[in-house]
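Here is the structure:
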């Protein structure tokens, strides 16, 4: 993959000891078909791609192409999620099945939900699942609230990345509490990625300008009128936000500061 | 005899192995994972494990998700 648009000073994103050049992680849900999934994923430049684990369709056409044929694990880092799990037990079970499915690949996105309306995480169940998974050798990227104290706890437990929500999953509301995200970014050593709530490119840029190590999104791309175009926009937004953060923005001031010299005027 | 396959009763000849079931479903060579009574069955054991009836079997694969 091309590295041209990155500043040479930028370090790669490192998750569980593996280096990634892209700081945009994408999901594969809600696309019209597998071809659109493939094209949008490609356009996003993402290297880490989330998938869900579900029952195989028994008795249906087994020759239908499958997701992992268009998103091949030898090209992408597949990140199985525990979406839809409301208990630690179901989440752990899902991760064990995913590891078997992916030949021992043990990077997982843990999410344990607590409420169907908001899809907010059940933090207590998530803590319980993370503890079991880490003991079993999984590398856990954890979806959680934008709560610094809990984020620190997940880091101390050994999660390889902490992924606070920006707003409810699929809501597209953007970064609702930038100061909470900023506190988490400032206090944690492990990568912090905004997961959930991004609606458009500027939201992704804001996350990166806050100093996040990456952004994970699905609906903002798949639900756009033109998903492939939005995937490309998100790629640029994440890169632009990252570069702006590295560059260091000017402080906010209440009054103007002229850009042109005040000396040498002839009027 | 019957097993419960992905939540539905499924008729199998006694002594059928996991490999034979996978073959019969047309899923041989597909990327999948199998759980029998909540225990993961490693791929290497598919040929060695026979169904006795009544097992709860889950066969899963990866689909789109965020």
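Chains as they are written, first to last, in the numbering used here: chain A, 1419 to 1685; chain B, 3 to 68. Just so you know, even glycine gets a beta-carbon here, dropped at the ideal spot from N, CA and C.
Within the region 1576-1596 of chain A, those residues whose Cβ lies closer than 9 Å to any Cβ of chain B are, in chain order, 1587, 1588.
By the beta-carbon neighbour count (other beta carbons within 10 angstroms, threshold 16), residue 1636 of chain A is buried. Contact with chain A is found for residue 62 of chain B, since one of that chain's Cβ atoms lies less than 7 Å from the residue's Cβ. Segment contact: the region 1487-1498 of chain A against the region 1519-1530 of chain A, three or more CB-CB distances shorter than 8 Å; contact assigned. The C-alpha of residue 1488 of chain A lies about 25 Å from the C-alpha of residue 1619 of chain A. Taking residue 1598 of chain A as the centre and dropping the five residues before and after it, the same chain places the C-beta of 1564 closer than 6 Å to its C-beta, in chain order. Where residue 66 of chain B is concerned, the enclosing beta strand (DSSP E) starts and stops at 58-66. Contact annotation: residue 1557 of chain A and residue 1434 of chain A have beta-carbon atoms nearer than 7 Å. For residue 1472 of chain A, the beta-bridge partners assigned by DSSP are B:63. Proximity of chain B to residue 1602 of chain A at the Cβ level (cut-off 8 Å) is not reached, the minimal Cβ distance being about 21 Å. In the DSSP assignment, residue 1618 of chain A falls outside any beta strand (DSSP E), carrying neither H nor E.
The C-beta of residue 1440 of chain A comes no closer than 7 Å to any C-beta of chain B. Chain A has no Cβ within less than 7 Å of the Cβ of residue 23 of chain B.
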